[in-house]
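Everything on this sheet refers to the single structure shown next.
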Amino acid sequence: MLRILAAGSIFFPGLFLLSKRCLKQAPGLGLGEGDAAIVSARLVSSIQAIMASSAGYIIASSCEDIIEDQHWLTSTYILFAVPYFAYDIYAMFLCYWHKLQVKGHEEEGGRPKPMGSAVASYLRREFLMVLHHVVMVTICFPVSVFWRQGKGDYFQGVMFMAELSTPSVCLGKILIQYKKQHTLLHKVNGALMLVTFFICRVLLFPYLYYAYSRYASIPLYTVPFGAPWQYNVGAFCLMAPQIYWFTLICRGAFRLFTGASRSRPPAALNKPDGGCCSSQGAPLPPPANGYSPVPHQADRETDTH
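Heads up: the sequence shown runs through residues -17 to -1, 1 to 288, numbered per mature numbering (1 follows the signal peptide of the UniProt record, and there is no 0).
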């Protein structure tokens, strides 16, 4: 167990540092420290998502009995991926910090924001995402590895596949970072993100109840009443933020595909996402997870990507 945890603790931060170094030194790219860190964080998130989705598919497809069948990859990948959530809290803060440095340089004559103030601001703006990551480590990890007692690997595998929507989310944020939010690629990726997020994160939990209703040969509507209350509470707590984030994605997609940005003054179209290179007086950077409940005036079309 400790070896797998250690492997994950080395792999994800190591991949981030390696990616950042390559992006900074790659001929023709020459990214600065901030841009390289932000792109690297998105890249690591995408790689983790692909690994988790692949593991989930292997696990789910190998379990004929959705309650009793076990697969060695279930606990192994949980242990390997747990350090990712701790790393990602730091990586999100690092992205936020670099954006604040650019904003502070442009608005305050180069005076950086104090670290303590930046941490407090980051925790306020990213409270839901940070809470989600903390819950994954402190609650979901022990429940998945110890409390399940080897049962329900199928359900765990299906939940791994929720990460399938992450690469499109990360690509959308990279496109916004480089002011490509008005390209066809951004619109195609936005549609893909909308579909994958809805299927993999919103429909996921109703599907788990449906799968159990078929397994137990009982009506779907009776499953919540027959399941232990802990399962229902856990499902609700995990599903609620997904629905919230999905509503923000829908708002962003509506603005994107209805061409809401055409009604803005031309100067607004030249303002990049999140304050990376924003003009004087621009708003603070959007949340690092890419979902903003309040559309920024400088980026009303793409704040949820």
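Glycine residues also receive a C-beta, built at the ideal position from the N, C-alpha and C atoms.
Environment of residue i [buried if 16+ CB atoms lie within 10 Å]
| i | result |
| --- | --- |
| residue 31 | buried |
| residue 198 | exposed |
| residue -1 | exposed |
| residue 183 | buried |
Rounded distance between the beta-carbons of residue j and residue i, thought under 8 Å
| i | j | result |
| --- | --- | --- |
| residue -10 | residue 64 | 6 Å |
| residue 71 | residue 116 | 6 Å |
| residue 155 | residue 173 | 6 Å |
| residue 142 | residue 36 | Rounded, the Cβ-Cβ distance is 11 Å, inconsistent with contact. |
| residue 177 | residue 236 | 5 Å |
Collapsed DSSP secondary structure at residue i in the structure displayed
| i | result |
| --- | --- |
| residue 162 | coil |
| residue 194 | helix |
| residue 4 | helix |
| residue 52 | coil |
| residue 72 | helix |
| residue 89 | Residue placement at residue 89 cannot be trusted, given a pLDDT of 46 that sits under 50; the coordinates are not used to answer. |
| residue 133 | coil |
| residue 41 | helix |
Among the options, the one whose alpha carbon lies nearest that of residue i
| i | options | result |
| --- | --- | --- |
| residue 48 | 241, 215, 105, 195 | 195 |
| residue 112 | 130, 73, 82, 137 | 73 |
| residue 148 | 61, 13, 185 | 185 |
| residue 232 | 162, 166, 81, 152 | 152 |
| residue 2 | 11, 160, 21, -15 | 21 |
| residue 123 | 218, 193, 176, 46 | 218 |
| residue 130 | 163, 114, 214 | 214 |
| residue -17 | -6, 19, 62 | 62 |
| residue 161 | 5, 19, 230, -8 | 19 |
Any non-hydrogen atom of the ligand MG closer than 7 Å to residue i Cβ
| i | result |
| --- | --- |
| residue 16 | Here there are no bound small molecules, and the ligand MG is not part of this structure. |
The alpha helix (DSSP H) enclosing residue i, as first and last residue numbers
| i | result |
| --- | --- |
| residue 48 | Note, residue 48: premise wrong, no alpha helix (DSSP H); not H, not E. |
| residue 236 | 212 to 240 |
| residue 138 | 136 to 143 |
| residue 180 | 167 to 180 |
| residue 111 | 110 to 118 |
| residue 10 | Per DSSP, residue 10 belongs to no alpha helix (DSSP H) and is neither H nor E. |
| residue 206 | 206 to 209 |
C-beta neighbour in chain D for residue i, strict 8 Å
| i | result |
| --- | --- |
| residue 202 | In summary, chain D is missing from the structure at hand, where a single protein chain is found. |
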